[in-house]
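What follows is a short report on a single structure.
There are 2 protein chains.
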Amino acid sequence: MKRRDFIRKAGATLATGAAAVGVPGMAQAKAEFNWKMVTAWPKNFPGLGTGANLLAKTITEMSGGRIKVKVYGARELVPAFEVYDTVSSGTAEMGHSGAYYWKGKSEAAQFFSAVPFGLTAQEMNAWLYYGGGLALWRELYQPFGIIPVPAGNSGVQMAGWFNKQINTVDDLKGLKMRIPGLGGEVLRRAGGITVNMPGGELFTSLQSGALDATEWVGPYNDLAFGFYKVAKYYYYPGWHEPGSTMEALINEKAFNALPKDLQQIVLTACKAANMDMLSEYSARNNQALETLVNKHKVNVLPLPDEVLKTLKQLSEQVVKALADKDPKSRKIYASISGFREQVMKWDAISEQAFMRARSL
Amino acid sequence: MKRRDFIRKAGATLATGAAAVGVPGMAQAKAEFNWKMVTAWPKNFPGLGTGANLLAKTITEMSGGRIKVKVYGARELVPAFEVYDTVSSGTAEMGHSGAYYWKGKSEAAQFFSAVPFGLTAQEMNAWLYYGGGLALWRELYQPFGIIPVPAGNSGVQMAGWFNKQINTVDDLKGLKMRIPGLGGEVLRRAGGITVNMPGGELFTSLQSGALDATEWVGPYNDLAFGFYKVAKYYYYPGWHEPGSTMEALINEKAFNALPKDLQQIVLTACKAANMDMLSEYSARNNQALETLVNKHKVNVLPLPDEVLKTLKQLSEQVVKALADKDPKSRKIYASISGFREQVMKWDAISEQAFMRARSL
Chain A
1 MKRRDFIRKA GATLATGAAA VGVPGMAQAK AEFNWKMVTA WPKNFPGLGT
51 GANLLAKTIT EMSGGRIKVK VYGARELVPA FEVYDTVSSG TAEMGHSGAY
101 YWKGKSEAAQ FFSAVPFGLT AQEMNAWLYY GGGLALWREL YQPFGIIPVP
151 AGNSGVQMAG WFNKQINTVD DLKGLKMRIP GLGGEVLRRA GGITVNMPGG
201 ELFTSLQSGA LDATEWVGPY NDLAFGFYKV AKYYYYPGWH EPGSTMEALI
251 NEKAFNALPK DLQQIVLTAC KAANMDMLSE YSARNNQALE TLVNKHKVNV
301 LPLPDEVLKT LKQLSEQVVK ALADKDPKSR KIYASISGFR EQVMKWDAIS
351 EQAFMRARSL
Chain B
361 MKRRDFIRKA GATLATGAAA VGVPGMAQAK AEFNWKMVTA WPKNFPGLGT
411 GANLLAKTIT EMSGGRIKVK VYGARELVPA FEVYDTVSSG TAEMGHSGAY
461 YWKGKSEAAQ FFSAVPFGLT AQEMNAWLYY GGGLALWREL YQPFGIIPVP
511 AGNSGVQMAG WFNKQINTVD DLKGLKMRIP GLGGEVLRRA GGITVNMPGG
561 ELFTSLQSGA LDATEWVGPY NDLAFGFYKV AKYYYYPGWH EPGSTMEALI
611 NEKAFNALPK DLQQIVLTAC KAANMDMLSE YSARNNQALE TLVNKHKVNV
661 LPLPDEVLKT LKQLSEQVVK ALADKDPKSR KIYASISGFR EQVMKWDAIS
711 EQAFMRARSL
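Here the protein sequences come in this chain order: A and B. If you read the first sequence in this note's numbering, its first letter stands for residue 1, the second for the next number, and so on. If you read the second sequence in this note's numbering, its first letter stands for residue 361, the second for the next number, and so on.
This is the structure in structure tokens:
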């Protein structure tokens, strides 16, 4: 799911009007810092928007109201695609979004959200916190006066909703699919036709046949959207977004103006938000999947191995091409791909081997 | 790895003497609350002990020194197995340990650390934060005046170090293995002989043949221990501990005496510590695995499917027997096993399917 979709969807379906984060019993506390948090999500969008709300609330509560953080949904203060500039200029002290939205600023930003056939949520966090990833990310945003902090994760997404079955690579040829970013580039290389379209139009486009397929997020968000009413097949796994990291953006000057305890509060709240959102998605996706399968009789299907193999090869080309764009991208690619190679070996004998053993 | 091992190891190999958590520039801050954190780990034990240190440091930093948390390794203030009582009585305001150590208090405590063939770290967190698990855990510890909070995870552990190959279930018969807790009960049902032995004696016992096998944690901790020098085979996956949760224990009265902002600081620091420890283990396990395989030429082997299937059946019996011990256990079992059933279906098409696709 990408920026543009949220913009329309926000306007179309959700009430506007920013509300201060309510903290009971803190009405009297004198705020030393009044912060705005602009987000790339519609206000209260389940998982992402509610995750941003929780982050703001946690900061305000931990600081005893010394920092008041007011959350703005997309288009409440600025459109989603202006979140980065708004934080960079200091008009808002904070933002909440996904790094792949900022490839116009730095191509390499895409490495910090989701890479096709890249890292899962747990691996991404290991790389960011303990594998050198976060330092590289800070280096990348530093020229813009922004400190990036991991602050959420959707976990593995779904490959999407399809109106035709995908049995061979040939079935991707001419497929009209809404799939943005690096995943879209991979589909184009496989012969598909990617269509850019706001989220609000996806439903009717699938219904009319203007679209053959669309990816969105996962069962929790997809169920709410009602895609099961207009698409026949729900494919897995989400090869294009295996663990999408959400970011908090912090204006560097605003951060430096905070006393040390409040700095630590902001950073720790982000780390807790990162844990929280992933847990929420894991729990709610499994409930929603059950509803989709048992109540709505959705056809949940795996992409065939042959198709996955091809998509994987093309993904490697696309990611390599991204790495070759500039020296920063090359450096980040070297770090993340080295980490990926190592962690895949560990996962093969831990997470992966355990989950296999459990289902024997 | 269990309590007793830490006790000896702490005494044998690590310097004692508790040190206050150092917070630069905070020497002058007046502490309103001086808290002790007693832990079940040797001081500074990598991953677990350092995780407890980080938790204490984060609380102290976020509070601007208003809460000073002083960390005690096992046997510095009290032995590891007295952590629970020490927090319950209020002698220490806080503890850091694993819930399986407290089955003497409530059998059901074991559900909140690690269950053979149970939940992975990510699933465990989803259950605790968003699946009703944490509420049940609080209910269980409430009579002891303790608030439990998830505060770390080791991820999937390894099955252990073996001096003989395991090719069939018969190879488990008569196997002298150090494996405590529910996993040990499973091995006994499979015909093995479980041996209780402090961590400090494992190395020589494997060398002398007094032990045929031992489990410990995973590559990061196991490499440091040097098991590769005395055991031939390193088996996976850690069916007995697929995502061991570490707990912070908080004395209820001490918690209630805190103002709301400091309460929120303590809880959020635990959530961040939970994210942090898992990330550290993921990153360091993969590095350590590489060293074990490439430098020390360790034989890393999978337990055969037939053996895993048997262990799984026996695990179900053992966990069911635990559930039947009392009404609280039954209630918790119903919740965790219902969640497990659902989340396994979701993981099959997300984490598991993605990792499989990536390795095609």
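Built from N, CA and C at the ideal position, the CB exists for glycine as well.
Cβ neighbours of residue i in the same chain (closer than 6 Å, five flanking residues each side left out)
i         : result
Lys685(B) : Glu467
Lys672(B) : Phe477
Asn285(A) : Gly218, Pro219 and Tyr220
Glu215(A) : Gly160 and Ile179
Leu206(A) : Val230 and Ala231
Three-way DSSP call (helix, strand, coil) for residue i in this model
i         : result
Glu607(B) : strand
Leu301(A) : strand
Ser565(B) : helix
Pro148(A) : strand
Lys253(A) : helix
Thr120(A) : coil
Phe441(B) : helix
Phe393(B) : strand
Lys345(A) : helix
Lys430(B) : strand
Ala387(B) : In this prediction, Ala387(B) scores a pLDDT of 42, lower than 50, which makes its location untrustworthy; the coordinate-derived value is nonetheless stated afterwards. Looking at Ala387(B) - three-state DSSP - the assignment turns out to be coil, as it is neither helix nor strand.
Leu187(A) : helix
Asp684(B) : coil
Gly559(B) : helix
Phe405(B) : coil
Ala474(B) : coil
Trp487(B) : helix
Proximity test, Cβ basis, 9 Å: residue i and chain B
i         : result
Met197(A) : no
Met177(A) : no
Lys345(A) : yes
Val300(A) : yes
Gly192(A) : no
Glu316(A) : no
Phe354(A) : yes
Gly65(A)  : yes
Asn53(A)  : no
Gly218(A) : yes
Arg138(A) : no
8 Å CB neighbourhood of residue i in its chain, flanking five on each side removed
i         : result
Pro304(A) : Ile166, Asn167 and Thr168
Gly411(B) : His456, Ala511, Gly512, Met606, Ala633, Asp636, Met637 and Glu640
Gly226(A) : Phe203
Ala357(A) : none
Residues of its chain near residue i, where Cβ-Cβ distance is below 7 Å and the 5 sequence neighbours each way are ignored
i         : result
Gly49(A)  : Thr39, Trp41, Pro42, Lys43 and Gly73
Pro406(B) : Tyr580, Asn581 and Ala584
Gly184(A) : Thr194
Within-9 Å CB hit, residue i to chain A
i         : result
Thr376(B) : The predicted position of Thr376(B) is uncertain, since its pLDDT is 34 and thus under 50; no value can be drawn from it.
Asp582(B) : no
Lys672(B) : yes
Gly515(B) : yes
Arg548(B) : no
Trp487(B) : yes
Glu483(B) : yes
Thr410(B) : no
Leu542(B) : no
When the options are compared against residue i, the one with the closest alpha-carbon
i         : options                                       : result
Gly569(B) : Glu421(B), Ser719(B), Lys417(B) and Arg538(B) : Arg538(B)
Gln307(B) : Gly578(B), Asn556(B), Thr554(B) and Leu479(B) : It is not possible to answer for residue 307(B), since the shown part of chain B is limited to 361 through 720.
Val298(A) : Gly160(A), Thr60(A), Tyr100(A) and Asn251(A)  : Gly160(A)
Asp707(B) : Trp346(A), Gln352(A) and Pro327(A)            : Gln352(A)
Glu392(B) : Lys428(B), Asp530(B), Lys533(B) and Asn413(B) : Lys428(B)
Tyr593(B) : Leu479(B), Tyr460(B), Val653(B) and Gly493(B) : Val653(B)
Trp487(B) : Val546(B), Leu627(B) and Met704(B)            : Met704(B)
Ser473(B) : Ala416(B), Pro597(B), Ala608(B) and Ala550(B) : Ala608(B)
Cys630(B) : Gly541(B), Leu414(B), Ile709(B) and Ala459(B) : Leu414(B)
Asn533(B) : Arg549(B), Lys396(B), Gly541(B) and Phe522(B) : Strictly speaking, residue 533(B) in this sequence is Lys, with Asn absent from that position. Of the listed residues, the one whose Cα sits closest to Lys533(B) is Arg549(B).
Bridge partners - residue i, DSSP secondary structure assignment
i         : result
Ser457(B) : Glu607(B)
Trp161(A) : Thr214(A) and Tyr234(A)
Met177(A) : Thr194(A) and Ala213(A)
Thr39(A)  : His96(A)
Asn413(B) : BP columns for Asn413(B) are empty, so no partner.
Ile625(B) : DSSP, once it has assigned bridges, lists no residue as partnering Ile625(B).
Asn513(B) : Thr605(B)
heavy atom of the ligand COA below 8 Å from residue i C-beta
i         : result
Pro664(B) : Of ligands this structure carries none, so the ligand COA is not represented either.
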